[in-house]
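Trainee: One structure coming up, written as structure tokens, with questions to follow.
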Amino acid sequence: MKSSNDGSGEKGAELLAVQEKFNDFLALLEANNKVLKVIADMEQKSQGKHLFDVGYIRDNLEVVRVGVRQIVAKLIAMGGEKYRILESKYVEIDSGIQRYLPGASDIERDAFTVDFDDLTRDRALSVGSKNAQLGEMKNRLGLPVPDGFAISAWAYKHFVDSNNLQSRIDELIGSLDIDSHEDLIRVSDGIRSLVSSSPVPPDLVAAIKESCAELKSRSSIGRFSMRSSAIGEDTLFSFAGQYRSFLNVRARELVRRYVDVLAGKFTPKAIYYLLSHSLAETDLAMSVGCVTMVDAAASGVAYTCDPIRPDGDCILVNSIYGLGSHLVDGTLTPDVFCVSRKSGLVESMEIASKPIRLVLRDEGGTVNEPVPADEQMRPSIDEENLRLLSEIAITLEKHYGSPQDIEWALDRNGKLLILQTRPLQVLKLRDTKVGLDPSILKVFVCGGTTVCPGAGAGPVFKISSPQEIPSVPKGAVLVARHPFPGLVTVMEKISALVTEVGGVVSHMATLAREYRIPTVVGISCMDELKAGDEVTVDATGGAIYRGVHSDLIESRSHEFEKLEDLGIISLLEDILERISPLNLVNPTGSKFLAQNCTTFHDITRFAHQRSIEEMFAAAGNLGGKDKLGFKLDSDVPLDMSIIFIDESAEQFKGKKSIPENDITSEPMRAFWNGILKEGWPSIGPLKGRGRLSSLVTTRKTRRKDVQFSESSFAILSKEYMIAGLHMGYHITTIEAICTTDISKNFIRMQYKEGGAALDRRIRRVKLISDILTAVGFESGRKGDFFHSSISYLGRHEILDRLYLLGRLSILTKQLDMALHNDDIAEWYKKDIMKRLGIIPPEG
40 MKSSNDGSGE KGAELLAVQE KFNDFLALLE ANNKVLKVIA DMEQKSQGKH
90 LFDVGYIRDN LEVVRVGVRQ IVAKLIAMGG EKYRILESKY VEIDSGIQRY
140 LPGASDIERD AFTVDFDDLT RDRALSVGSK NAQLGEMKNR LGLPVPDGFA
190 ISAWAYKHFV DSNNLQSRID ELIGSLDIDS HEDLIRVSDG IRSLVSSSPV
240 PPDLVAAIKE SCAELKSRSS IGRFSMRSSA IGEDTLFSFA GQYRSFLNVR
290 ARELVRRYVD VLAGKFTPKA IYYLLSHSLA ETDLAMSVGC VTMVDAAASG
340 VAYTCDPIRP DGDCILVNSI YGLGSHLVDG TLTPDVFCVS RKSGLVESME
390 IASKPIRLVL RDEGGTVNEP VPADEQMRPS IDEENLRLLS EIAITLEKHY
440 GSPQDIEWAL DRNGKLLILQ TRPLQVLKLR DTKVGLDPSI LKVFVCGGTT
490 VCPGAGAGPV FKISSPQEIP SVPKGAVLVA RHPFPGLVTV MEKISALVTE
540 VGGVVSHMAT LAREYRIPTV VGISCMDELK AGDEVTVDAT GGAIYRGVHS
590 DLIESRSHEF EKLEDLGIIS LLEDILERIS PLNLVNPTGS KFLAQNCTTF
640 HDITRFAHQR SIEEMFAAAG NLGGKDKLGF KLDSDVPLDM SIIFIDESAE
690 QFKGKKSIPE NDITSEPMRA FWNGILKEGW PSIGPLKGRG RLSSLVTTRK
740 TRRKDVQFSE SSFAILSKEY MIAGLHMGYH ITTIEAICTT DISKNFIRMQ
790 YKEGGAALDR RIRRVKLISD ILTAVGFESG RKGDFFHSSI SYLGRHEILD
840 RLYLLGRLSI LTKQLDMALH NDDIAEWYKK DIMKRLGIIP PEG
């Protein structure tokens, strides 16, 4: 920006330095506004009313991170080394945030194998959540879990590095079209072949064999299960059923099965799940659990609450005979028990036919065997074990502080063992009435169990094997006798899912709730559904209707109160805790220091305030006091400093302040005249002058009265202004250019923060947005952050809008305190618009 200074030499260099600082200052303000806008959008998303994925979090977090780094760099450029501490504060805050992101942390160096006796959940980043929680339950809660050891993520890294696999895996993943099932198979086969053909390093083989020998010496059981426990599994994302585990493994087979588990990380369904959640393959190193094998007489899953109606009293237990694989993969429909959380008594049960059970085979592995006819309809678990299981379930829920999804087994000696616990994904339903009465519709098929509520419609597509997955059309109602591997790859394209066999605790059920696919299981009369029939699946009501019923679908789509139950919301909330809270509120307080910044918002607030001070300090140090900051002399009690960029200061020589009448910047003068028109808000309400007048006084409020703000600033030229107004708890920035060239003219306004509750601040933002929109501004708002702009107006129109902005700034200064509800906000909006002449007065 050109200066009218005619000095030379040292004096000219000083002014040039000030102008360079001014450019850094403008860049800092621009970065600050961008960061605050993104933070406001993330806060809005955290309210759970909009769908988003981890990709949204990563992308917006990166915008914030880049913006904050720019702010820190510009402040250091303006003020020097005393602000260098902000770089270390940035690293400290950012490191805390990165730990929340799946796979964001480096793989922790650890032993290749770790006994369960040495594990707690604190080591989840080394051995995966599944292993870590077994150690937590055993060592901190004293619960009955199988013995075993973990093969760490560090061991996985050693395997990958020793065989130079990562670059080849990256290449194959990078060539993948995730929407092509054939491509998924190609990439999966390629990576699994690489992994399976790679040798396990000798030192890792030795560690596995040594831990196995120690485990055998502690236990009489000589068979093991090899279970996946990837870093990030069972945390933010369930990865339910996506990885491979092997049962009844003999000691001599451990190393081979270890490699098979690693290769199982790259099945088509696992790759699809990974990439569809915007995760990188390197985010999830594979740890493996080697667990003593439980010869189960019965197995199952316990939910500490109903995942669809979590406010009830029910602990939901599903159970089958034998090993639990047929339950979680949906092969069998289980017995279902509702156990009272309060009394531990069974309140209801649904006993299913259980014609087969999965049992251990003498030579290793598993085999199906028929269940005797007289046992098939008996309960697979007795009431005493149900009571004990319910007590353990409540203990786990209290310990972890959230509903739990618990796998359990009852061995042939009658001992109850806990095999796994992880967060339970729950859906909270609204108490809403369906706009369309389903009783008037023609029922095609009814009955079944709701897995994920809602409704969807489309043509029936029947599927019986994974080979048919590529043929599933978008928008289809997918119908299968039972779930099978690979269905996750079509979850995002189908409108509803119906199966004849299965329960609410299967892996498929977990994925259906995660993807929000209306799903019903246990539907009989499947033959009634013909391929190509147009049907509507009412998963909430457990019915299927002929034809497409859009009203029913729309009604069901509003049943979820919000998405607070999803891990993705918790992730965003955790990250926002490191980004959004503002702890540095008072810039004149003793705690307003760089070392006290604990969030990104603190850094932006600190840098914004200090950049203003640096700007004016630089101007004040100019030789000869030329082009320096002056205090504005006005009846308005706003502590305003002004720097003139292209106006000679000769007329102000010897003065420390300038009268408001001497403002020569056209845009600033128009804006200030608007402020003068309305006067200044008083401290207390004035009686007898109406609602709005209780918040506004006249120019009679003198500077001797209490100051209502911290230091504000204006940097001016004849045609340009940028003003930062600190009015109480909110910051308003107004920038404008006013020339005779319409193409150059614009006004831009932004503000954030406030002293009232968030709902009242949001009402004020909406009120201002509505008023400015009425006079031609393009406005946007995210939470309580507001921005508005207008351009391509003539000179007089720009000045008129600035005058209006001045008036509006005063009329709304303390208004958020009064906006208790939407009706009051609407009243004030209309009253202000009348005062401003935007709408005619009544009468």
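Residues 40 to 882, numbered by the numbering used here, are exactly what the sequence shown covers, in order.
Backbone N, C-alpha and C fix where the C-beta goes; we use that ideal spot for every residue, glycine too.
1. How big is the Cα-Cα spacing for V804 and A813?
2. May I ask you to list the residues that DSSP assigns as paired with N357?
3. Please identify the residue among R123, Q205 and I801 whose C-alpha is closest to the C-alpha of I230.
4. Is the region 847-861 in contact with the region 702-722, if contact means three or more CB pairs nearer than 8 Å?
5. Taking 8 Å as the cut-off, does the region 362-378 touch the region 336-345 (at least 3 CB pairs, one atom from each stretch)?
6. Note down the Cα distance separating E389 from S596, rounded to an integer number of angstroms.
7. Considering only the alpha carbon of each residue, which of A246, L449, I208 and L366 lies closest to R225?
8. How do the region 152-160 and the region 422-433 stand: do at least 3 beta-carbon pairs fall below 8 Å, yes or no?
9. Find the nearest neighbour of L463 within the set L455, T488, A432 and P492, judged by alpha-carbon distance.
10. Leaving out the 5 sequence neighbours to the left and right, which residues in its chain are closer than 8 Å to L65 when beta-carbon positions are compared?
11. Quick check on Q885: does DSSP put it in helix, strand or coil?
12. Can you say whether Q506 is buried or exposed, counting buried as having 16 or more other CB atoms within 10 angstroms of its CB?
13. Looking only at DSSP bridge pairs, what is D450 linked to?
14. Might you give, ordered along the chain, the residues of its own chain that have their beta carbon closer than 6 Å to the beta carbon of M325, omitting 5 neighbours on each side?
15. Any idea what DSSP makes of Q789, helix, strand or coil?
16. Can K73 and G94 be called in contact, C-beta distance under 7 Å?
17. Out of I347, N202, E717 and L841, state which residue places its alpha-carbon closest to the alpha-carbon of V490.
18. Tell me which same chain residues have a C-beta within less than 8 Å of the C-beta of E249, skipping the five on either side of it?
19. Taking the alpha-carbon of E147 as reference, which of L158, S165, R138 and R160 has the nearest alpha-carbon?
20. In chain order, what residues of the same chain lie with their CB nearer than 7 Å to the CB of D334, ignoring the 5 residues before and after it?
21. Checking 7 Å against the spacing of the C-beta atoms, do V529 and V516 come in under that value?
22. Is I124 near the ligand GTP, judged by its Cβ being under 6 Å from some heavy atom?
23. Give a yes or no on contact between the region 357-367 and the region 246-262, applying the rule of three or more CB pairs nearer than 8 Å.
24. Check this for me: beta carbons of P185 and T331, under 7 Å apart or not?
25. Can you find the residues in the same chain that come closer than 7 Å, C-beta to C-beta, to Q746, ignoring five residues on each side of it along the sequence?
26. May I ask you to report which of helix, strand or coil DSSP gives K255?
27. Can you tell me whether H588 is buried or exposed? The criterion is at least 16 other CB atoms within 10 Å of its CB, across all chains shown.
28. In angstroms with no decimal places, state the Cα-to-Cα distance between R162 and D798.
29. Exposed or buried, what is K739 when buried is set at 16 or more other beta-carbons lying within 10 Å of its beta-carbon?
30. At which residues does the beta strand (DSSP E) containing S267 begin and terminate?
31. Under a three-way DSSP split, which group does P238 fall into?
32. Going by beta-carbon coordinates alone, are L286 and T405 separated by less than 7 Å?
33. Alpha carbon to alpha carbon, what distance is there between I354 and H640?
34. Taking Cβ to Cβ, would you say T538 is nearer than 7 Å to V560?
35. By the DSSP assignment, the beta strand (DSSP E) with I682 in it spans what residues?
36. Mark S43 as exposed unless 16 or more other C-beta atoms lie within 10 angstroms of its C-beta, in which case mark it buried.
Mentor: The short version:
1. The alpha-carbon separation between V804 and A813 amounts to approximately 14 Å.
2. According to DSSP, which records beta bridges pairwise, N357 is partnered with V340 and V375.
3. The shortest C-alpha separation from I230 is found at Q205.
4. Two segments are said to touch when three or more pairs of C-beta atoms, one from each, lie closer than 8 Å; by this definition the region 847-861 touches the region 702-722.
5. The region 336-345, when compared against the region 362-378, does touch it at the 8 Å Cβ threshold.
6. Taking the straight line from one Cα to the other gives about 29 Å.
7. The candidate whose alpha carbon is nearest that of R225 is I208.
8. No: the two stretches stay apart, fewer than three of their Cβ pairs being nearer than 8 Å.
9. Nearest option by C-alpha distance: A432.
10. Excluding positions up to five away in sequence, the list reads I761.
11. No answer is possible for residue 885: it lies beyond the span of the chain, which begins at 40 and ends at 882.
12. Counting of Cβ neighbours within 10 angstroms places Q506 among the exposed residues, the total staying below 16.
13. Per DSSP, A335.
14. Here the set comprises Y195, A269, L301 and K304.
15. Q789 carries a strand assignment under DSSP once its states are collapsed to helix, strand and coil.
16. It is not a contact, given that the beta carbons lie outside the stated cut-off.
17. By alpha-carbon distance to V490, the top candidate from I347, N202, E717 and L841 is I347.
18. Here the set comprises T152.
19. Per the Cα distances, S165.
20. Result list for D334: L399, D450 and R451, in chain order.
21. No, the Cβ-Cβ distance between V529 and V516 is not below 7 Å.
22. The ligand GTP is not part of the structure shown, which contains no ligands of any sort.
23. Under the Cβ criterion (8 Å, minimum of three pairs), the region 357-367 does not count as touching the region 246-262.
24. Yes, Cβ-Cβ distance for P185 and T331 is below 7 Å.
25. Legend: pLDDT at Q746 = 38, less than 50; position of this residue unreliable, value from coordinates given subsequently. Closer than 7 Å at Cβ, skipping near neighbours: P676 and D678.
26. Helix.
27. A residue is called buried once 16 or more other Cβ atoms fall within 10 Å of its Cβ, and H588 is buried on that count.
28. C-alpha separation (whole angstroms): 41 Å.
29. Because K739 carries a pLDDT of 36, less than 50, the predicted location of this residue cannot be relied on, and the following value inherits that uncertainty. Counting Cβ neighbours within 10 Å, K739 comes out exposed, since fewer than 16 surround it.
30. From DSSP, the beta strand (DSSP E) with S267 extends over R262 to A269.
31. DSSP places P238 in coil when its eight states are reduced to three.
32. Closer than 7 Å, so yes.
33. In a straight line, the C-alpha of H640 is about 42 Å away from that of I354.
34. Going by beta carbons, T538 and V560 fall inside the 7 Å limit.
35. Looking at the DSSP string, the run of the beta strand (DSSP E) that includes I682 is M679 to F683.
36. Because S43 sits at a pLDDT of 41, beneath the cut-off of 50, its placement in the model cannot be relied upon, and the following sentence gives the value as read from the coordinates. It counts as exposed.
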